[in-house]
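Student:
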Amino acid sequence: MKFSLKLKKGQTQQELKDSVWEEAELVGVMETQKWSVPEGYIEVEYYPLKPPFSYAAVIQNEETLEYLYVLDELPLTREEREGYFRLRNILEFELQAPEGEETLAESFRRQMPAILAKHRKVLGGISPIGVRKILYYLERDIVGYGKIDPLMYDDYVEDIGCSGVNKPVYLWHRKYENIKTNIVFRDEQELEDFVMRMVHKSGKHVSIAFPIVDVTLPEKHRLAVSFGKETTPYGTAFTIRKFRKDPFTIIDLIENETINESIAAYLWLLMENKMSVMIIGATGAGKTTALNAIACLIKPSYKIISVEEVA
Numbered sequence: 001m002k003f004s005l006k007l008k009k010g011q012t013q014q015e016l017k018d019s020v021w022e023e024a025e026l027v028g029v030m031e032t033q034k035w036s037v038p039e040g041y042i043e044v045e046y047y048p049l050k051p052p053f054s055y056a057a058v059i060q061n062e063e064t065l066e067y068l069y070v071l072d073e074l075p076l077t078r079e080e081r082e083g084y085f086r087l088r089n090i091l092e093f094e095l096q097a098p099e100g101e102e103t104l105a106e107s108f109r110r111q112m113p114a115i116l117a118k119h120r121k122v123l124g125g126i127s128p129i130g131v132r133k134i135l136y137y138l139e140r141d142i143v144g145y146g147k148i149d150p151l152m153y154d155d156y157v158e159d160i161g162c163s164g165v166n167k168p169v170y171l172w173h174r175k176y177e178n179i180k181t182n183i184v185f186r187d188e189q190e191l192e193d194f195v196m197r198m199v200h201k202s203g204k205h206v207s208i209a210f211p212i213v214d215v216t217l218p219e220k221h222r223l224a225v226s227f228g229k230e231t232t233p234y235g236t237a238f239t240i241r242k243f244r245k246d247p248f249t250i251i252d253l254i255e256n257e258t259i260n261e262s263i264a265a266y267l268w269l270l271m272e273n274k275m276s277v278m279i280i281g282a283t284g285a286g287k288t289t290a291l292n293a294i295a296c297l298i299k300p301s302y303k304i305i306s307v308e309e310v311a
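The sequence shown: position 56 = 56 (the working numbering), numbered continuously.
1) Starting from Q60, trace the beta strand (DSSP E) in both directions and tell me its first and last residue.
2) Could you please give me the residues that DSSP links to E45 through a beta bridge?
3) Compare the C-alpha of L74 against each of I90, A56, N178 and name the closest.
4) Would you check if there are 3 or more beta carbon pairs closer than 8 Å linking the region 257 to 273 to the region 216 to 226?
5) In this structure, does DSSP put A224 in helix, strand or coil?
6) Can you find the residues in the same chain that come closer than 8 Å, C-beta to C-beta, to Y84, ignoring five residues on each side of it along the sequence?
7) Just to check my reading of the structure: I250 and F227 have Cβ atoms closer than 8 Å, yes? What is that Cβ distance to the nearest angstrom?
8) Apart from the five residues on each side of it in sequence, which residues of its chain come closer than 8 Å, Cβ to Cβ, to I90?
9) Using C-beta distances below 6 Å, list every residue in its chain close to F53, excluding the 5 sequence neighbours before and after it, in chain order.
10) Output the boundary residues of the beta strand (DSSP E) element that contains A290.
11) Would DSSP call P113 helix, strand or coil?
12) Measuring straight from C-alpha to C-alpha, what distance separates L68 and D193?
13) Would you please verify whether the beta carbon of D154 is less than 8 Å from any beta carbon of chain D?
14) Anyone know if the C-beta pair for I126 and E80 falls short of 8 Å?
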């Protein structure tokens with residue numbers, strides 16, 4: 001594990017040293033509390049998501065050869081969990097809306113030092129390492145995606161889906177394809193609250209009266225929801241289709257050998273001459289990826305109109 005010794009704006013040399021030592025301690029704690037591979041499985045891959053707090057482990061059943069995606073997060077102790085809930089109750093009243101162009105995460109990180117200084121007593125004798133862990137879970141649950149938040153930082157993950165309460169979350173992994181995770185929503189209220197919060201982040205509403213919703217999340221990911229047992233046999237279900245921060249260009253498709261130069265040139269000619277194109281494919285085939293790449297060939301001076309089916 002490497003640590004950056006680059007000073008941040010307004011940070012002193014001593015503060016930098018303290019943060020590096022604290023990071024090293026956190027990594028040490030993670031090593032001692034690291035999830036262990038269960039009997040009958042072998043570890044295929046282990047990589048960071050939001051280090052040093054969360055990692056992904058891909059393991060394989062030695063008999064069935066089935067893959068399992070394990071989210072390995074640094075756990076809270078009983079004392080830290082109690083501090084988490086006390087501080088979360090305070091944040092419901094103290095946390096303010098973002099300013100200007102701030103994201104939710106940026107606003108949260110800006111406000112937390114002052115709130116912590118004001119209410120440090122509610123954390124009792126919890127160590128600085130414990131406070132860092134609490135802040136990780138608070139940011140995950142308040143401004144992030146809750147228990148699936150680390151998955152949003154996995155560049156290998158394309159789709160995340162849950163078909164109901166007590167059903168494992170599945171994802172589509174670029175290396176291991178459709179794979180089950182160790183994440184489960186055990187309570188119906190927990191799942192419904194999670195889905196409602198995600199939909200509200202997009203400025204939409206979901207309820208028994210309007211149970212089918214398809215929205216775009218602030219990070220441009222797509223969320224499809226079926227709310228309640230009236231629409232699905234196991235209750236509320238959702239699917240999140242993740243999109244890359246840097247979409248593939250037509251050059252990327254050529255370099256990845258998805259298409260060759262002749263096909264790329266042909267598509268460019270079609271765009272130049274305003275011809276019709278239809279993109280068809282199964283789920284996960286890359287329809288949106290292809291469309292985004294082809295759209296880059298349209299002249300910047302042209303006006304583009306998008307017609308979508310929305311909730």
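Just so it is clear, CB atoms sit at the ideal spot from N, CA and C, and this is done for glycine as well. Keep in mind that this is a model prediction, so the values were computed, not measured.
Tutor: So, to answer that:
1) Residue 60 sits at position 60 when you count from the first residue of the sequence shown. First-last of the beta strand (DSSP E) with Q60: 54 to 61.
2) The residue given as residue 45 occupies position 45 in the sequence shown. According to DSSP, which records beta bridges pairwise, E45 is partnered with V58.
3) Numbered from 1 along the sequence shown, position 74 holds the residue referred to as residue 74. Nearest of I90, A56, N178 to L74, Cα basis: A56.
4) no
5) Within the sequence shown, numbered from 1, the residue matching residue 224 stands at position 224. Three-state result, A224: strand.
6) Numbered from its first residue, the sequence shown carries residue 84 at position 84. Here the set comprises L76, I134, Y137, L138.
7) Taking the sequence shown and counting its residues from 1, one reaches residue 250 at position 250. Taking the sequence shown and counting its residues from 1, one reaches residue 227 at position 227. Between F227 and I250 the Cβ distance is about 39 Å, and since that is not below 8 Å, they are no contact.
8) The residue labelled residue 90 in the question sits at position 90 within the sequence shown. Here the set comprises I115, H119, V122.
9) Locating residue 53 in the sequence shown gives position 53, counting from the first residue. Same-chain partners within the cutoff: L74, Y136.
10) On the sequence shown, residue 290 is found 290 positions in, with the first residue counted as 1. Where A290 is concerned, there is no enclosing beta strand (DSSP E), although the alpha helix (DSSP H) it sits in stretches over 287 to 295.
11) Within the sequence shown, residue 113 is the residue found at index 113, counting from 1. P113 falls in the helix class under three-state DSSP.
12) For the purposes of this step, residue 68 is taken as the residue at position 68 of the sequence shown. For the purposes of this step, residue 193 is taken as the residue at position 193 of the sequence shown. Straight-line Cα distance between these residues: approximately 26 Å.
13) Structure shown: chain D not included; a single protein chain is present.
14) In the sequence shown, the residue the question calls residue 126 occupies position 126. In the sequence shown, the residue the question calls residue 80 occupies position 80. Yes, they are a contact pair.
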